[in-house]
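Each residue of the sequence shown is one higher than the one before, counting from 0 in numbering that gives the first Met the number 0. Glycine residues also receive a C-beta, built at the ideal position from the N, C-alpha and C atoms. Right, one structure below, let's go through it.
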Amino acid sequence: MEKKHGKKYRTALSKVDINKLYTIEEACALLKETSVTKFDASTEIHMHLGIDPAKAEELIRNTVALPNGIGKEVRVIAFVGEDKVKESLAAGAIKAGNQELVAEIEKGWLEFDTAVATPDMMKGLGKIARTLGQKGLMPNPKAGTVTTELTKTISEIKKGKVEFRNDKLGNLHNIFGKVSFSADKLVENLKSYLKAVLESKPKDMKGNFVLSVTITTTMGPGVKIDHLNALKDL
């Protein structure tokens, strides 16, 4: 059964030419015109990549520090030794510790967005590895969340460092800002994100790396980007 959209969505959709591929600047400007929510909606990017998700060497997982943040408070916790607790909290972590923090998560507490850990703490996370893994919250060296540079890492995450990783179909999905951001700030964030993705292209991959790029607002219509030309200028 075809889903029926409301009047606001149909009005927003009428502003988008579904047969057109937009420049990054045009697309970001359109997002500000096509938001359909009363709240400050997030702006999202959805990319379809030409990778083979079945090949471990073609999996994409990396981070990028967006210059203007993502417009939301990122709650960070840190798995650290007692000597690093004060440093982690001072950097902005909402909680820091080791076994007592593990025990809290074992009991069901998951009120955070990102977890970081020092390398020596990783072996103690076995009890909660499955829980964190299923939620995409397990600290990982590839994501830069297993680190000895706690102050720098926690600060970057809170300022707007986001992780991107492909799903089972070779897609990337991320938030890159808010509708309330100026169009210029959205463009800056989006270009930083796309550049980071391009730099993460598997070395031995054959064929086209990026197959499509679409941006949208929460519950709004998608705007397709002319990625073949846009990516050349990054």
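From the options, residue whose alpha carbon lies closest to that of residue i
{"i": "ILE76", "options": "ALA64, VAL63, GLY70 and ALA92", "result": "ALA92"}
{"i": "LYS37", "options": "LYS94, GLY219 and LYS158", "result": "GLY219"}
{"i": "ASP225", "options": "LEU193, SER179 and GLU198", "result": "LEU193"}
{"i": "LEU227", "options": "PHE208, ASN61, VAL145 and PRO201", "result": "PHE208"}
{"i": "GLN98", "options": "ALA90, GLY80 and ALA114", "result": "GLY80"}
{"i": "THR213", "options": "LEU48, ILE127 and TYR8", "result": "LEU48"}
{"i": "LYS184", "options": "THR215, GLY68 and LEU58", "result": "GLY68"}
{"i": "VAL35", "options": "TYR21, LYS14 and PRO201", "result": "LYS14"}
{"i": "LYS231", "options": "THR216, ALA90, SER87 and LEU197", "result": "LEU197"}
{"i": "GLY107", "options": "GLY96, GLY123, ILE127 and LYS7", "result": "ILE127"}
{"i": "LYS205", "options": "GLU103, ASP51, GLY135 and SER199", "result": "ASP51"}
{"i": "LEU149", "options": "ASN188, LYS19 and PHE78", "result": "PHE78"}
{"i": "SER87", "options": "GLU32, LYS151, ARG60 and LYS200", "result": "LYS151"}
{"i": "VAL73", "options": "ASP112, ASN188, GLU187 and LEU233", "result": "ASP112"}
DSSP three-state assignment for residue i, whether helix, strand or coil
{"i": "VAL35", "result": "coil"}
{"i": "SER154", "result": "helix"}
{"i": "SER191", "result": "helix"}
{"i": "LEU124", "result": "helix"}
{"i": "GLY68", "result": "coil"}
{"i": "LYS177", "result": "strand"}
{"i": "PRO140", "result": "helix"}
{"i": "GLU1", "result": "Confidence in GLU1 is poor, its pLDDT being 43 and thus under 50, which makes the residue's placement unreliable; the coordinate value appears in the next sentence. Here GLU1 sits in coil by DSSP."}
{"i": "SER199", "result": "coil"}
{"i": "ALA55", "result": "helix"}
{"i": "LEU230", "result": "helix"}
{"i": "LEU109", "result": "coil"}
Bridge partner(s) assigned by DSSP for residue i
{"i": "VAL212", "result": "MET46"}
{"i": "ARG60", "result": "ARG164"}
{"i": "VAL78", "result": "Sequence inspection shows Phe at residue 78; the Val mentioned does not correspond to that position. DSSP lists GLY96 and ALA116 as partners of PHE78."}
{"i": "VAL145", "result": "ALA116"}
{"i": "HIS172", "result": "HIS45"}
{"i": "ILE224", "result": "TYR21"}
Residue environment, residue i, which counts as buried when at least 16 other CB atoms sit within 10 Å
{"i": "ALA40", "result": "buried"}
{"i": "LEU168", "result": "exposed"}
{"i": "THR10", "result": "exposed"}
{"i": "LYS54", "result": "exposed"}
{"i": "GLU1", "result": "For GLU1, the predicted structure reports a pLDDT of 43, less than 50, and the residue's modelled location is therefore unreliable. The matter cannot be settled from this model."}
{"i": "LYS83", "result": "buried"}
{"i": "LEU29", "result": "buried"}
{"i": "SER179", "result": "exposed"}
{"i": "GLY96", "result": "buried"}
{"i": "LYS190", "result": "buried"}
{"i": "THR147", "result": "exposed"}
{"i": "GLU187", "result": "buried"}
{"i": "ASN18", "result": "exposed"}
With three or more beta-carbon pairs closer than 8 Å as the criterion, would you say the region 171 to 185 touches the region 39 to 54? Verdict: yes, contact present.
Mind the definition here: the region 13 to 33 touches the region 151 to 167 only if three or more C-beta pairs lie below 8 Å; say whether that holds. Contact fails: fewer than three Cβ-Cβ distances are below 8 Å.
On the three-pair Cβ rule with 8 Å, is the region 103 to 119 touching the region 140 to 151? A contact exists between the region 103 to 119 and the region 140 to 151.
When you compare the region 128 to 135 with the region 148 to 158, are there three or more beta-carbon pairs, one atom per stretch, that lie closer than 8 Å? They do not touch, by the three-pair rule.
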